[in-house]
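Notes follow the structure.
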Amino acid sequence: MNDHNKKPIRGIKYISEAWGCGYGESARGYMRCLREAGIPLTWTPMVEGRGLGLWRQPFEGMDFEDDEFGDIVNRKIEYDVVILHVVPEYMSRLQERERGKTVIGMTVWELDTLPQHWRAIMNALDAVIVPCKWNRDVFQAGGITVPVGIIPHVIPPRVKERTGPLARVAPDDYVFYSIAAWRERNAPHLTLRSFLAAFRAEDKAVLVLKTSSFNERAVRPGFWWYRVKRHFASTEREIHSIQRECESSARIEVFTEPWPRASVEALHERGDCYVSLTHGEGWGLGAYEAAAFGKPVIITGHGGQLEFLPASLAYHVDFRLVPFDDPTMSRETRKNYSGYWAEPSIDDGAKLMRHVFANREEARERGLGLQQYVRERFDTSTITGKLVEFIRSVVP
Numbered sequence: 000m001n002d003h004n005k006k007p008i009r010g011i012k013y014i015s016e017a018w019g020c021g022y023g024e025s026a027r028g029y030m031r032c033l034r035e036a037g038i039p040l041t042w043t044p045m046v047e048g049r050g051l052g053l054w055r056q057p058f059e060g061m062d063f064e065d066d067e068f069g070d071i072v073n074r075k076i077e078y079d080v081v082i083l084h085v086v087p088e089y090m091s092r093l094q095e096r097e098r099g100k101t102v103i104g105m106t107v108w109e110l111d112t113l114p115q116h117w118r119a120i121m122n123a124l125d126a127v128i129v130p131c132k133w134n135r136d137v138f139q140a141g142g143i144t145v146p147v148g149i150i151p152h153v154i155p156p157r158v159k160e161r162t163g164p165l166a167r168v169a170p171d172d173y174v175f176y177s178i179a180a181w182r183e184r185n186a187p188h189l190t191l192r193s194f195l196a197a198f199r200a201e202d203k204a205v206l207v208l209k210t211s212s213f214n215e216r217a218v219r220p221g222f223w224w225y226r227v228k229r230h231f232a233s234t235e236r237e238i239h240s241i242q243r244e245c246e247s248s249a250r251i252e253v254f255t256e257p258w259p260r261a262s263v264e265a266l267h268e269r270g271d272c273y274v275s276l277t278h279g280e281g282w283g284l285g286a287y288e289a290a291a292f293g294k295p296v297i298i299t300g301h302g303g304q305l306e307f308l309p310a311s312l313a314y315h316v317d318f319r320l321v322p323f324d325d326p327t328m329s330r331e332t333r334k335n336y337s338g339y340w341a342e343p344s345i346d347d348g349a350k351l352m353r354h355v356f357a358n359r360e361e362a363r364e365r366g367l368g369l370q371q372y373v374r375e376r377f378d379t380s381t382i383t384g385k386l387v388e389f390i391r392s393v394v395p
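Just so you know, we're using numbering that gives the first Met the number 0 here: the sequence shown kicks off at 0 and counts up by one.
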């Protein structure tokens with residue numbers, strides 16, 4: 000055993016989002032690992048507030064409603080390690096409060112070039128954790144010189160009872176489904192366009208979109224948008240517009256309200272094929288969980304999701320790399336971002352959906368193969384061991 004494996008960890012303070020986003024859901028997985036490993040743990044969730052001069056701040060009390068981790072919220076323990084599982088813009092401000100501790104940043108990135116301002120933030124930390132090799136390569140190419148560990152995300156434990164609002168989906172419908180916020184990078188609008196190009200109303204196929212009510216794609220910098228137009232920026236408004244533009248009557252079911260975990264799992268259980276024409280993922284939790292449920296996955300063939308979606312087991316949508324451009328950002332903000340992301344082919348996505356629809360047994364076998372692949376390579380005990388080993392390796 001290496002000497003660093005013997006280094007004791009007195010305790011860990013974990014700062015993260017709580018739920019409802021990729022950062023929050025993945026943080027819960029890592030906290031389960033640390034608790035299972037028997038390491039003393041205290042958790043500080045991030046909440047709305049301007050205490051850090053931004054939009055989020057650490058929760059300062061102890062009475063925080065959370066069925067799983069409420070008992071360790073700001074628990075008083077001795078700790079020598081701090082994990083900042085937040086977007087990097089918050090890391091420097093949080094690190095200032097933790098002098099004398101080993102501070103590890105945990106994040107993901109979806110482009111092939113690191114944001115310019117991240118370099119100084121990351122190199123001031125003691126180490127960084129990312130979920131995939133693609134991310135580590137991008138970080139190191141971007142000038143990150145501190146240790147960068149690869150720790151995959153953790154598949155959450157199954158709930159005992161699953162309930163989902165899919166009353167209008169018939170037992171013999173073939174269900175394509177996608178789980179993603181309605182934002183430019185996730186590109187559920189491209190998934191929708193591809194489905195509408197592939198099917199008609201008379202087909203026994205339906206697309207279930209679990210997304211957000213607020214249309215982040217409609218965001219524009221400036222006074223006029225924030226004062227007036229944002230009040231009309233609904234996801235459903237854009238979906239109806241896309242349906243009219245495509246002149247398609249193919250069946251879709253859209254859910255924009257927050258869902259409990261039981262409903263998310265019910266969708267994975269009922270769904271037949273997961274689809275995402277994303278511009279890029281640092282990991283891709285929706286597709287990851289679909290694979291764990293044994294579902295075939297159709298997804299853009301570029302990004303961190305390829306770590307668990309090999310071409311032999313998943314259906315990769317053709318793409319071309321295009322310069323990153325997100326109109327929701329101001330010109331000043333965009334100066335920090337460069338590089339490329341994927342522009343998936345709507346036609347190829349439609350072709351793959353038609354193929355899966357017509358070759359269901361082949362798709363089912365691929366899904367089961369994916370399930371086995373994920374179980375063998377990303378089991379929780381293995382991830383726990385890697386996480387603890389990496390933390391110990393950077394503790395002085």
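We treat Cβ as the ideally placed atom computed from N, Cα and C, and that holds for glycine.
For clarity, every value in this text was computed on a predicted model and none was experimentally measured.
Excluding the five sequence neighbours on either side, which residues of its own chain have a C-beta within less than 6 angstroms of the C-beta of Ala17, listed in chain order? Gly23, Pro44
If I'm right that Val72 touches Trp42 with Cβ under 8 angstroms, what's the distance once you round it to whole angstroms? 6 angstroms
For Ile150 versus Leu386, is the C-beta distance shorter than 8 angstroms? yes
Excluding five sequence neighbours on each side, which residues of the same chain lie with their C-beta closer than 6 angstroms to the C-beta of Ile178? Lys209, Gly285
In whole angstroms, give me the CA-to-CA distance for Val107 and Val80. 20 angstroms
Hey, out of Tyr78, Pro259, Asp70, whose CA is closest to Val158's CA? Pro259
As assigned by DSSP and simplified to three states, the class of Met105: strand
To test your reading of the DSSP string, which unbroken beta strand (DSSP E) runs of 3 or more residues are found completely within the segment 324–365? 339–343
CB Arg353 to CB Lys6, shorter than 8 angstroms? no
Nearest CA to the CA of Leu369: which residue from Ser311, Ser91, Ala232? Ser311
Rounded to whole angstroms, how far is the Cβ of Ile382 from the Cβ of Val153, which I believe are closer than 8 angstroms? 6 angstroms
So, for Ile297: in the same chain, excluding its five sequence neighbours on each side, which residues have a beta-carbon less than 6 angstroms away from its beta-carbon? Val274, Tyr314, Leu351
Could you check if Ile76 is buried or exposed, using at least 16 other CB atoms within 10 Å of its CB as the buried criterion? exposed
Can you name, in chain order, every residue of its own chain whose Cβ lies under 6 angstroms from the Cβ of Asp325, other than the five neighbours on each side? Glu183
Please classify Cys131 as buried or exposed, where buried requires at least 16 neighbouring CB atoms within 10 angstroms. buried
Residues bridged to Glu47 (per DSSP): Arg55
As assigned by DSSP and simplified to three states, the class of Tyr173: strand
Check whether chain B comes within 8 angstroms of Val129, counting only Cβ atoms and requiring the distance to be less than that. No chain B appears in this structure, which consists of one protein chain only.
Is it buried or exposed for Val321, if we count other Cβ within 10 angstroms and need 16 for buried? exposed
Any contact between the segment 260–271 and the segment 242–249? By contact I mean 3 or more CB pairs, one from each, below 8 angstroms. no
For the segment 245–328, which segments carrying the beta strand (DSSP E) assignment without a break, of at least 3 residues, lie completely within its bounds, in sequence order? 250–254, 272–275, 296–299, 314–316, 318–322
Quick one, which of Gln115, Ser380, Pro295, Asn335 has its alpha-carbon nearest Leu33's? Ser380
Less than 8 angstroms between the beta carbons of Pro155 and Gly28, yes or no? yes
If contacts are defined as beta-carbon pairs under 8 angstroms, then Ile241 and Leu191 qualify, I think. What distance do you get, rounded to the angstrom? 6 angstroms
Considering only the beta carbon of each residue, do Thr162 and Ala265 sit closer than 8 angstroms? yes
Met90 and Leu53: beta carbons closer than 8 angstroms? no
Chain-order list of residues whose beta-carbon lies under 7 angstroms from that of Ser397 (same chain, five-residue window excluded): This structure leaves residue 397 out entirely; the chain is present only between 0 and 395.
If you reduce the DSSP assignment to three classes, tell me which class Val387 lands in. helix
Please report how far the alpha carbon of Gln340 lies from the alpha carbon of Gly69, in whole angstroms. In the sequence under discussion, the amino acid at residue 340 is Trp, which differs from the Gln named in the question. Straight-line Cα distance between these residues: approximately 38 angstroms.
Top-ranked residue by Cα proximity to Glu109, from Glu280, Pro146, Glu306: Glu280
For Phe175 and Arg55, what's the separation of their Cα atoms in angstroms? 35 angstroms
With DSSP as the reference, identify every bridge partner of Gly60, one or two as the case may be. According to DSSP, Gly60 bridges with nothing at all.
Report the option in Ala26, Glu160, Arg330, Arg96 whose CA atom is closest to the CA atom of Glu59. Arg96
Would you mind stating whether Glu237 and His188 have Cβ atoms separated by less than 8 angstroms? yes
Gly99: which of Tyr78, Arg92, Pro87, His116 sits nearest, CA to CA? Tyr78
Quick check on DSSP: helix, strand or coil for Trp133? helix
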